[in-house]
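Okay, so the sequence shown: first residue is 16 according to this note's numbering, each after it adds one.
By construction, the Cβ of each residue, glycine as well, lies at the ideal position given by its N, Cα and C atoms.
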Amino acid sequence: MFSNVRIEKLILSNYRNHKFLELDLTKNIILICGKNGSGKTNILESISLLTSSSGLKKTNLTEIVNSNLKGPVELFGVSLLCSINKKRMKIGLGLKKTANGLKKIINLEGSKTKKIDEYFSIFWITPKMTFIFQNSREDRRNFIDKMICSIDFSFKKFLLLYDRYKSERIRILKKWNEESEKWLVLIEKKIAATGIIICDARRKFIKQLNFYLSDPDRPFHPLEIELSGELDSLLLKKPAIVVEDFFFKKLKENRRKDFLTGRTNFSANKTDLIVINKNYRREAKSHSTGEQKVIIFLIIFSFIKILKNQKNLKILFLLDDVFSFLDKNFVFEVLDQLNKLKIQTWLTDVSGGWIMKKENFKPIIDKINIGE
Ligand SMILES: Nc1ncnc2c1ncn2[C@@H]1O[C@H](COP(=O)(O)OP(=O)(O)OP(=O)(O)O)[C@@H](O)[C@H]1O
Ligand SMILES: [Mg+2]
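This is the structure in structure tokens:
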């Protein structure tokens, strides 16, 4: 049985430290090994940039071009040969110079839509996630939003639309004229409607996660995720249409404040993710570092359980350096589950010895040594 999405070939040209790298892949688990600084994370980053503007390193596009490149930026590129639902597709990622700096160009061979999100999504885990409970609420919200985007292709579209409407509203507030009131009402209606769709999708997803997180058979206390935003709490009690109207009124009420601060003070994106240990009613952030890692693992594992129930899975997983921050047995459990779901998973490690010792993993792993 084959994965729904699989990268069969990856070529990097002048991508960060890789002047030229060509990988041929046949398996479900791709294990990239090499010493520190050999370019393992860079490989995962090149893939992550297909579906994300700044990728898993949150980079600026100027940083990804090999610093010794003397020629034109067209010599930079990421080329992939993918198999998607047994059909082959060539994908190219390049850069173009524009008046505002570098612009990313993605080329999908034979595709009419030119939108990669319609073909597959990419989910990643990086060592930075160890600190998710200490990081910003935006990081925690993005963690959940990324999971939802992986199974609901329209969610990402709504997130982008929502941001666009918000900027548009601030622009109207700043350039007031006699037409503004009419446009403002229209845009505030759109913000309220899109915001509620986003909050509601988050609410439904969290409900599914909580179903698995509260399982008393897990190797930890039962957990519960809550969303902290006012709109999120209201959606638990009132019909969406009522909450949408409340949001619409709130936007109108805040016009002056938003004009003065240049931002949307009451928004669907003020939400934080709060993880609670149900036995102690204690928040994840006040658990020990080790316990927090278990909590992160349990969330990821619950996400995989949700994936199991999805029809037509089209997702790739990138796990950067996870052995350095998650318990090895947990990583094996995650890999085992992802392999059963036929999800191609890219993994990095300095030596890879841990995995290669496991007899059952050997046949499903493409081990690639770089920087030798
Ligand atoms: N634009 C660039 N041009 C050339 N080299 C670069 C560029 N950007 C980053 N590098 C180099 O790429 C190297 C590899 O980085 P990467 O993060 O992929 O290493 P890694 O193999 O994942 O290491 P670790 O095991 O420490 O995580 C680094 O030494 C970095 O200096
Ligand atoms: Mg790395």
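If we count the other Cβ atoms within 10 Å of its Cβ and call it buried at 16 or more, is residue i buried or exposed?
| i | result |
| --- | --- |
| ALA9 | Here the chain has residues from 16 to 387 only, and residue 9 is not among them. |
| ASP366 | According to the sequence provided, residue 366 is Ser. The question's Asp does not apply to it. Flag for SER366 reads exposed. |
| VAL349 | buried |
| TYR191 | Position check: residue 191 holds Trp in this sequence, whereas Tyr was assumed. It counts as exposed. |
| LYS55 | buried |
| TYR295 | exposed |
| LYS372 | exposed |
| ILE256 | exposed |
| GLU193 | exposed |
| GLU276 | One point to set straight first is that residue 276 is Thr, not Glu, in the sequence displayed. By the 10 Å Cβ count, THR276 comes out exposed. |
| ASP273 | buried |
| LEU353 | buried |
Are the beta-carbon atoms belonging to residue i and residue j less than 8 Å from one another?
| i | j | result |
| --- | --- | --- |
| TYR177 | ALA283 | yes |
| LEU108 | THR363 | no |
| LEU76 | LEU25 | no |
| ILE47 | ILE385 | yes |
| ILE383 | ILE45 | yes |
| PHE173 | LYS329 | no |
| LYS101 | GLU124 | no |
| LYS4 | PHE281 | There is no way to answer for residue 4, as the model of the chain reaches only from 16 to 387. |
Enumerate in chain order the residues of its own chain whose CB-to-CB distance from residue i is below 8 Å, with the five nearest sequence positions on each side excluded.
| i | result |
| --- | --- |
| LEU251 | ARG218 |
| THR41 | GLU23 and ASP381 |
| LEU90 | SER28, ASN29 and LEU84 |
| LEU71 | THR56, LEU59, GLU60, SER63, TRP139, THR141, LEU333 and ASP335 |
| ILE187 | SER195, TRP198, LEU199 and ILE202 |
| ASP342 | LYS308, VAL309 and PHE312 |
Quick one: residues in its chain with C-beta nearer than 7 Å to the C-beta of residue i, no 5 flanking neighbours on either side, listed in chain order?
| i | result |
| --- | --- |
| ARG152 | ASP287 |
| LYS34 | ASN81 |
| MET16 | Residue confidence is low: MET16 scores 43 on pLDDT, short of 50, so the model does not pin down where it sits. No coordinate-derived value is stated. |
| PHE263 | GLU203, LYS204 and ALA207 |
| ASN225 | GLU239 and ILE240 |
Which residues in the same chain have their Cβ closer than 6 Å to the Cβ of residue i, if we skip the five residues on either side of it in sequence?
| i | result |
| --- | --- |
| LYS300 | PHE148 |
| HIS236 | ASN292 and ASN294 |
On a Cα-Cα basis, can you pick out the residue from the options that is closest to residue i?
| i | options | result |
| --- | --- | --- |
| SER68 | ILE44, GLU124 and ASP132 | ASP132 |
| LYS50 | LYS329, LYS373, ASN375 and GLY368 | GLY368 |
| VAL93 | ASN324, PHE318, GLU37 and LEU266 | GLU37 |
| GLY86 | ARG270, LYS112 and ARG271 | LYS112 |
| LEU322 | TYR227, GLU124, ASN269 and LYS171 | TYR227 |
| VAL290 | PHE158, CYS97 and ARG31 | PHE158 |
Notebook entry, point to check: Hey, is the segment 161 to 173 in contact with the segment 195 to 204, meaning 3+ C-beta pairs nearer than 8 Å?
Noted result: no
Margin query: Does the structure place the segment 136 to 143 close enough to the segment 330 to 339 that three or more beta carbon pairs sit under 8 Å?
Written below: Two segments are said to touch when three or more pairs of C-beta atoms, one from each, lie closer than 8 Å; by this definition the segment 330 to 339 touches the segment 136 to 143.
Check: Any chance the segment 239 to 258 sits against the segment 207 to 214, with 3 or more Cβ pairs inside 8 Å?
Finding: yes
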